[in-house]
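In our numbering, the protein residues as written are 942 to 1396.
Printed below as a string of structure tokens:
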């Protein structure tokens, strides 16, 4: 085996080599970036509806030519990813079936598992035949589109435990039976050298509802004989991954599990509790099952999760997490909101716009950037430069988070957090979220309990 291949991140998550699954909503440069950064990027992920749904509309002569063009761009990304030896995850976002068809994003209703009416697993019970058909259609759509990391259906519930979760576990078991019948792990016939595929059990949770439920969720999902787990953090109506607004005196304020704290001690305690619950669930699932967990939608808190031992995270250049119900998108499939700018010196994002212009200018003047997408001593200008800068920083942050072993990586990240706290005070920015420390504290507590347990 060549040294280059030894240094590559795994195409599917593994314990012994923490890695990044690079998320894209269809941006053409992502697959190329992923292929160039194989030391930390093992796979790419993009929504299944962008691949299969857009292609189906184009084939049927639909009136959305942009969808067909986007599907072609996504297909080209997948081809480049395969050539580069990357894994491919195509999350099916089954939770969109819980919405009225008119409220679902473009492309979803062209998928074979899209339901004609809103699906409520909490109020209505699927028959065994209906559950088997739903799970089979969900798996088949991912396999047909070229996924190598296939997931079971995941939905968003009012309560993390209850009738809805029980039915979702039934769907996961139905998906497992279908996977075994199809021998889904085998590479597709047209790509016999592509390597084996994996089935990961998916669950979507809202972090604010997670505390107090992790033990039961861990026990339920660890019993599934899958290859790993795909844990999606879902926000309840706004993009908590980088929800940024102008704070007092033009300061940037970021909220949510992945953001910087602000808004009082109660809010800070809540953010820390959410982050601790996410870490407890991810690390607990890994320990109980002996299988890797990928956390999707953690925003830039993903670096803390990786540093503490989570096998993989799925993040994109904007660091947002999925929103349910989704926000309205513009014709190009993006929010139209200028992207916030990440800076490693503060371990966080600064929003676009005049309110944070002074802080952005000061940060890049005193801590220049080496991404090459913009002038080093100036902040990136425009969405294209900003996303290229953020993507470079995302790769760099991931590389830094998985450099050694979790206890040492946590210590290195804690030292960075202390420097970031001083930089924030100097610039008049909100303090760093306690969520960063909460992840490491949770991991350290787990290691201490394991060490103290009788042999």
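Here a beta-carbon is modelled for each residue, glycine too, at the ideal position from N, C-alpha and C. Every value quoted in this text rests on a predicted model; they were computed, and no experiment measured them.
Can you give the Cα-Cα distance for residue 1097 and residue 1167, rounded to whole angstroms? On the chain shown, position 156 is the one that residue 1097 refers to. On the chain shown, position 226 is the one that residue 1167 refers to. Their Cα atoms are separated by approximately 21 Å.
State buried or exposed for residue 1345, treating a residue as buried only when at least 16 other CB atoms are found within 10 Å of its CB. Working through the chain shown from its first residue, we reach residue 1345 at position 404. Under this definition residue 1345 is an exposed residue.
For residue 1302 and residue 1169, the rounded distance between their alpha carbons: On the chain shown, residue 1169 is found 228 positions in, with the first residue counted as 1. On the chain shown, residue 1302 is found 361 positions in, with the first residue counted as 1. Each residue's alpha carbon lies about 43 Å from the other.
Following the continuous alpha helix (DSSP H) through residue 974, name the residue where it begins and the one where it ends. The residue labelled residue 974 in the question sits at position 33 within the chain shown. Looking at the DSSP string, the run of the alpha helix (DSSP H) that includes residue 974 is 971-977.
Give the straight-line distance between the Cα atoms of residue 1041 and residue 1087, rounded to the nearest whole angstrom. Here residue 1041 refers to the residue found at position 100 when the chain shown is read from its first residue. Here residue 1087 refers to the residue found at position 146 when the chain shown is read from its first residue. Each residue's Cα considered, the two are about 28 Å apart.
Are the CB atoms of residue 1031 and residue 985 nearer to each other than 7 Å? Within the chain shown, the letter at position 90 stands for residue 1031. Within the chain shown, the letter at position 44 stands for residue 985. No, they are not a contact pair.
With residue 1036 as the anchor, note down where its alpha helix (DSSP H) starts and where it stops. On the chain shown, residue 1036 is found 95 positions in, with the first residue counted as 1. Counting along the chain, residue 1036 falls outside any alpha helix (DSSP H), and DSSP gives it neither H nor E.
By how many angstroms is the C-alpha of residue 1332 removed from the C-alpha of residue 1257? Within the chain shown, the letter at position 316 stands for residue 1257. Within the chain shown, the letter at position 391 stands for residue 1332. Each residue's alpha carbon lies about 7 Å from the other.
Please indicate yes or no: does the CB of residue 1344 lie closer than 6 Å to some heavy atom of the ligand NAD? Of the ligands one can find in the structure shown there are none, so the ligand NAD has no counterpart to examine.
Using DSSP bridges, identify the partner residues of residue 1028. Locating residue 1028 in the chain shown gives position 87, counting from the first residue. According to DSSP, which records beta bridges pairwise, residue 1028 is partnered with 984.
Own chain partners of residue 1361 with C-beta closer than 7 Å, once the 5 adjacent residues on each side are dropped: Working through the chain shown from its first residue, we reach residue 1361 at position 420. These residues qualify, in order along the chain: 1286, 1287, 1288, 1373.
From the DSSP output, which residues share a beta bridge with residue 1289? For the purposes of this step, residue 1289 is taken as residue 348 along the chain shown, with counting starting at 1. Answer by DSSP bridge pairing, in chain order: 1284.
Should residue 897 and residue 1016 be called a contact, given that it needs their Cβ atoms to be closer than 7 Å? In the structure as shown, the chain begins at 942 and stops at 1396. Residue 897 is therefore absent and cannot be evaluated.
Which runs of the beta strand (DSSP E) fall wholly inside the stretch 1073-1116 and span at least 3 residues, in chain order? 1090-1092
Please name the residue, chosen from 1293, 1217, 1356, 1094, that lies closest to residue 1375 on a Cα-to-Cα basis. Counted from its first residue, the chain shown places residue 1375 at position 434. Residue 1375 has its Cα closest to that of 1217, out of 1293, 1217, 1356, 1094.
Contact set for residue 1387: own chain, Cβ-Cβ below 8 Å, skip 5 residues either direction: To locate residue 1387, count along the chain shown from 1; it is residue 446. If we look at residue 1387 and ignore the five residues flanking it on each side, its Cβ neighbours are 1221, 1224, 1225, 1228.
Which term fits residue 1249, buried or exposed, when burial requires 16 or more other beta carbons within 10 angstroms of its beta carbon? Counting from 1 along the chain shown, the entry for residue 1249 is found at position 308. Label assigned to residue 1249: buried.
Alpha carbons only, please: which of 957, 974, 1093 is nearest the one belonging to residue 1330? Residue numbering aside, residue 1330 sits at position 389 when the chain shown is read from its first letter. Checked all of 957, 974, 1093; the closest Cα to residue 1330 is 974.
Within the stretch 1309-1335, note down every full beta strand (DSSP E) run reaching 3 residues or more, in order along the chain. none
Identify whether residue 957 lies in helix, strand or coil by the three-state DSSP scheme. Start at 1 with the first residue of the chain shown, and residue 957 comes out as number 16. In the structure shown, residue 957 sits in coil (DSSP, three-state: anything other than H, G, I, E or B).
Verify whether the separation of the beta carbon atoms of residue 1237 and residue 1380 is less than 7 Å. Walking along the chain shown from the start, residue 1237 turns up at place 296. Walking along the chain shown from the start, residue 1380 turns up at place 439. Contact: no.
So residue 1174 and residue 1162 are supposed to be a Cβ contact under 8 Å. How far apart are they, rounded? As a position in the chain shown, residue 1174 is number 233, starting the count at 1. As a position in the chain shown, residue 1162 is number 221, starting the count at 1. Not quite, the Cβ-Cβ distance comes to about 15 Å (not below 8 Å), so this is no contact.
Span of the beta strand (DSSP E) around residue 1139: As a first step, residue 1139 is located in the chain shown; it is residue number 198 there, counting from the start. Looking at the DSSP string, the run of the beta strand (DSSP E) that includes residue 1139 is 1139-1146.
Opposing strand residues paired with residue 1176 [DSSP bridges]: On the chain shown, position 235 is the one that residue 1176 refers to. DSSP lists 1264 as partners of residue 1176.
Check for me: the alpha helix (DSSP H) holding residue 1380 runs from which residue to which? Walking along the chain shown from the start, residue 1380 turns up at place 439. Unbroken alpha helix (DSSP H) run through residue 1380: 1376-1393.
Flag this pair as yes or no: are the beta carbons of residue 952 and residue 983 separated by less than 7 Å? Along the chain shown, read from residue 1 onward, the residue named residue 952 stands at position 11. Along the chain shown, read from residue 1 onward, the residue named residue 983 stands at position 42. Yes, Cβ-Cβ distance for residue 952 and residue 983 is below 7 Å.
Taking all protein chains shown into account, do 16 or more other C-beta atoms lie within 10 angstroms of the C-beta of residue 1234, making it buried, or fewer, making it exposed? Walking along the chain shown from the start, residue 1234 turns up at place 293. Residue 1234 should be labelled buried.
Please tell me whether residue 1039 and residue 1069 are closer than 7 Å, where the distance is taken between their beta carbons. The residue labelled residue 1039 in the question sits at position 98 within the chain shown. The residue labelled residue 1069 in the question sits at position 128 within the chain shown. No, they are not a contact pair.
Relative to the C-alpha of residue 1439, which candidate in 1266, 1264, 1267, 1305 has its C-alpha closest? A question about residue 1439 goes unanswered here, because the residues of the chain that appear run from 942 up to 1396.
Comparing alpha-carbon positions, which option in 1065, 1046, 1024 lies nearest residue 1034? Numbered from 1 along the chain shown, position 93 holds the residue referred to as residue 1034. Residue 1034 has its Cα closest to that of 1046, out of 1065, 1046, 1024.
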